[in-house]
């Protein structure tokens, strides 16, 4: 199976990395090569920056260039379009500013290497993706940046490619554990749209108040203030749950920080209850310490009103300027820990897609 | 004014005459003050690519450490002309111009919330930008009529900063953070961006970050609207904010 085959029906495909140097751009270039071979007219935008020569933090790290064929659509800044030297037709000026200039939509009239820096805000990334589809793109790739996930929200993209790699830790088990947590977060169980909680959530969201305590049947027991999950201490959450013995779901609008779900889990465990924390989609949960499984086991299950469609995981077994792992072993350990998600190393000889140009920098390491 | 004969496509440092490439540098080596130390400095400069390296001064800073002042000739050039074409420079307004621009184009107090986030204990950057005292004789945004500022200090969790921003309906969130080569603070900076997204406030909020290693390129990758580094004065930040607010008002959403 090829990445392009697994993702071909997603009109807007988000690429998200778990950190810098997890191989997002390498995955993007591999996918672009496959789409070129299939003759798909592609549109490309990035919430960060792609195709730059050197890493923005560590100048010693060379980055893969983004090479697009004639006819491709891009959302990038006026300055970067000019710097590419590629003949192009400007389709729209977006008026959206970035630190690197104003974002333009353009059709390339010749092929070549170009730096892509589209709008930073996820909603704007969606708007330019839709505009590129309207201008004839068969598929739009929305590349992420560093570890930013917002573009993978189902409000923005139809499907997700996730990228992980050796950079996460020098310990391969730790790389696997952190990746498994990230996958579990992206694949949070979704509430069925017809469930009472989901129906009540939709009503509350349309009324502009989406945080509340609900019972089994989705009845509202208490309305919560807008910033509740950002500010509530564990003791506040415990008191809230103590007030409502029939509470089953905390419906949270906006961002849910880890401290909040940790507070819910502590209260649930002490009282022997099971509480669901319902959020809009997985990009609204901010877990840095533990994965969702940890909190679920303690009685606080995070659920999403809208799921993310994770199609595949790519791995970069090399941490630039540091260490590397055996690619096959890393993929095997990941497959055992995760399951249900195809895993690729697009630079490995075993991957039968078009190989992107250039060798992976190899490091003298014990494998 | 640059001399007419400067080739902006091939610029190199100069000291006595154009194009001589002379660089003065200073550094400390962890070796005892000695002739061998002097030789080590010369060899190091040669390895750095300097031609005709010369030690003009060296002294012991503390036993086992030697401080050097050196000259060397830089053999390489940089293409200033094409960097200039990329147009990353913005023209800064002075304080009166900022007040006038804000009154005419924004017409209401601009609310700015700032903090050093996460485990970062440095608050000098955020204080210099926001507090009345400012620095180097340029007072911070607090001293402008156009701005209403909230400085939350250092080691502020992202959730707390965001909650405050929502409470006061902030136009601007300003974060100060020391970015290290090891990426230590990068996750904390991206998490704030993602939380603002999750709160549905990304389009209405100007996100700016500052710190010793922050560049516009890094700011773009992190998801911020601007990045400020060393050499930034409060009126630079203020110029950016008032212009960006006016520009956003002009874009239909």
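Chains as they are written, first to last, in my numbering: chain A, 528 to 894; chain B, 23 to 275. Cβ coordinates follow ideal geometry from the N, Cα and C atoms, glycine included.
Beta-carbon separation (whole angstroms), residue i vs residue j, contact threshold 8 Å
{"i": "residue 781 of chain A", "j": "residue 759 of chain A", "result": "At roughly 13 Å, the Cβ-Cβ gap does not stay under 8 Å, so residue 781 of chain A and residue 759 of chain A are not in contact."}
{"i": "residue 195 of chain B", "j": "residue 227 of chain B", "result": "6 Å"}
{"i": "residue 838 of chain A", "j": "residue 669 of chain A", "result": "In fact, because the Cβ distance is near 14 Å, the residues do not count as touching under 8 Å."}
{"i": "residue 804 of chain A", "j": "residue 783 of chain A", "result": "7 Å"}
{"i": "residue 216 of chain B", "j": "residue 754 of chain A", "result": "With a Cβ gap of about 17 Å, residue 216 of chain B and residue 754 of chain A do not count as contacting."}
{"i": "residue 615 of chain A", "j": "residue 636 of chain A", "result": "6 Å"}
{"i": "residue 713 of chain A", "j": "residue 835 of chain A", "result": "5 Å"}
{"i": "residue 272 of chain B", "j": "residue 128 of chain B", "result": "Contact flag wrong, Cβ pair sits at about 12 Å."}
{"i": "residue 553 of chain A", "j": "residue 873 of chain A", "result": "6 Å"}
{"i": "residue 595 of chain A", "j": "residue 641 of chain A", "result": "6 Å"}
{"i": "residue 617 of chain A", "j": "residue 633 of chain A", "result": "5 Å"}
{"i": "residue 562 of chain A", "j": "residue 611 of chain A", "result": "Actually they do not touch by this definition, with Cβ atoms about 19 Å apart."}
Residues bridged to residue i (per DSSP)
{"i": "residue 620 of chain A", "result": "A:631"}
{"i": "residue 47 of chain B", "result": "B:92"}
{"i": "residue 843 of chain A", "result": "A:692"}
{"i": "residue 217 of chain B", "result": "None; residue 217 of chain B has no bridge partner."}
{"i": "residue 249 of chain B", "result": "B:231"}
{"i": "residue 540 of chain A", "result": "A:668, A:686"}
{"i": "residue 783 of chain A", "result": "A:812"}
{"i": "residue 870 of chain A", "result": "A:840"}
{"i": "residue 74 of chain B", "result": "Answer is none; residue 74 of chain B lacks a bridge partner."}
{"i": "residue 138 of chain B", "result": "B:198"}
{"i": "residue 602 of chain A", "result": "A:632"}
{"i": "residue 639 of chain A", "result": "A:595"}
{"i": "residue 570 of chain A", "result": "A:600, A:667"}
{"i": "residue 82 of chain B", "result": "B:88"}
Between the CA atoms of residue j and residue i - distance to the nearest angstrom
{"i": "residue 693 of chain A", "j": "residue 131 of chain B", "result": "48 Å"}
{"i": "residue 888 of chain A", "j": "residue 591 of chain A", "result": "No answer about residue 888 of chain A holds up, because its pLDDT of 44 lies below 50 and its placement is not dependable."}
{"i": "residue 832 of chain A", "j": "residue 673 of chain A", "result": "26 Å"}
{"i": "residue 148 of chain B", "j": "residue 569 of chain A", "result": "43 Å"}
{"i": "residue 680 of chain A", "j": "residue 687 of chain A", "result": "9 Å"}
{"i": "residue 270 of chain B", "j": "residue 623 of chain A", "result": "8 Å"}
{"i": "residue 75 of chain B", "j": "residue 93 of chain B", "result": "6 Å"}
{"i": "residue 793 of chain A", "j": "residue 871 of chain A", "result": "38 Å"}
{"i": "residue 828 of chain A", "j": "residue 865 of chain A", "result": "19 Å"}
{"i": "residue 700 of chain A", "j": "residue 858 of chain A", "result": "12 Å"}
{"i": "residue 631 of chain A", "j": "residue 653 of chain A", "result": "14 Å"}
{"i": "residue 787 of chain A", "j": "residue 247 of chain B", "result": "28 Å"}
{"i": "residue 598 of chain A", "j": "residue 750 of chain A", "result": "52 Å"}
{"i": "residue 189 of chain B", "j": "residue 173 of chain B", "result": "14 Å"}
{"i": "residue 659 of chain A", "j": "residue 826 of chain A", "result": "44 Å"}
{"i": "residue 239 of chain B", "j": "residue 771 of chain A", "result": "49 Å"}
{"i": "residue 134 of chain B", "j": "residue 153 of chain B", "result": "12 Å"}
{"i": "residue 564 of chain A", "j": "residue 541 of chain A", "result": "20 Å"}
{"i": "residue 23 of chain B", "j": "residue 577 of chain A", "result": "Here the model assigns residue 23 of chain B a pLDDT of 49, short of 50, so the residue's position is not dependable, and the following value carries that caveat. When rounded, the distance between both Cα atoms is 37 Å."}
{"i": "residue 86 of chain B", "j": "residue 65 of chain B", "result": "19 Å"}
{"i": "residue 67 of chain B", "j": "residue 814 of chain A", "result": "47 Å"}
{"i": "residue 84 of chain B", "j": "residue 244 of chain B", "result": "41 Å"}
{"i": "residue 620 of chain A", "j": "residue 684 of chain A", "result": "22 Å"}
{"i": "residue 53 of chain B", "j": "residue 199 of chain B", "result": "33 Å"}
{"i": "residue 769 of chain A", "j": "residue 732 of chain A", "result": "25 Å"}
Closest by C-alpha distance to residue i, when choosing among the options
{"i": "residue 47 of chain B", "options": "B:35, B:177, B:90, B:265", "result": "B:90"}
{"i": "residue 648 of chain A", "options": "A:573, A:616, A:706, A:702", "result": "A:573"}
{"i": "residue 182 of chain B", "options": "A:785, A:864, A:794", "result": "A:785"}
{"i": "residue 589 of chain A", "options": "A:626, A:548, A:671", "result": "A:548"}
{"i": "residue 70 of chain B", "options": "B:55, B:49, B:81", "result": "B:49"}
{"i": "residue 241 of chain B", "options": "A:532, A:564, A:616, A:575", "result": "A:575"}
{"i": "residue 709 of chain A", "options": "A:677, A:817, A:619", "result": "A:817"}
{"i": "residue 145 of chain B", "options": "B:117, B:231, B:79, B:65", "result": "B:231"}
{"i": "residue 579 of chain A", "options": "A:530, A:767, A:556, A:643", "result": "A:643"}
{"i": "residue 116 of chain B", "options": "B:137, B:160, B:53, B:63", "result": "B:160"}
{"i": "residue 841 of chain A", "options": "A:861, A:851, A:823", "result": "A:861"}
{"i": "residue 225 of chain B", "options": "A:560, A:625, A:854, A:556", "result": "A:625"}
{"i": "residue 42 of chain B", "options": "B:58, B:103, B:72, B:208", "result": "B:72"}
{"i": "residue 30 of chain B", "options": "B:105, B:178, B:212", "result": "B:105"}
{"i": "residue 140 of chain B", "options": "B:61, B:197, B:158, B:124", "result": "B:197"}
{"i": "residue 57 of chain B", "options": "B:103, B:80, B:214, B:156", "result": "B:80"}
{"i": "residue 809 of chain A", "options": "A:717, A:537, A:560, A:558", "result": "A:717"}
{"i": "residue 261 of chain B", "options": "B:27, B:123, B:187", "result": "B:123"}
beta-carbon residue i near the ligand NAD non-hydrogen atom, thresh 7 Å
{"i": "residue 56 of chain B", "result": "The ligand NAD is not part of the structure shown, which contains no ligands of any sort."}
Using 8 Å as the Cβ pair cut-off and three pairs as the minimum, do the segment 32 to 39 of chain B and the segment 96 to 108 of chain B touch?
-> yes
Kindly confirm or deny that the segment 689 to 708 of chain A and the segment 597 to 605 of chain A touch, where touching means at least three C-beta pairs closer than 8 Å.
-> no
Indicate whether the contact test is met: 3 or more Cβ pairs, each with one atom in the segment 250 to 264 of chain B and one in the segment 151 to 169 of chain B, closer than 8 Å.
-> yes
Below 8 Å, can you find three or more Cβ-Cβ pairs linking the segment 765 to 781 of chain A to the segment 726 to 743 of chain A?
-> yes
Flag this pair as touching only if the segment 800 to 814 of chain A and the segment 637 to 648 of chain A have three or more C-beta atom pairs under 8 Å; answer yes or no.
-> no
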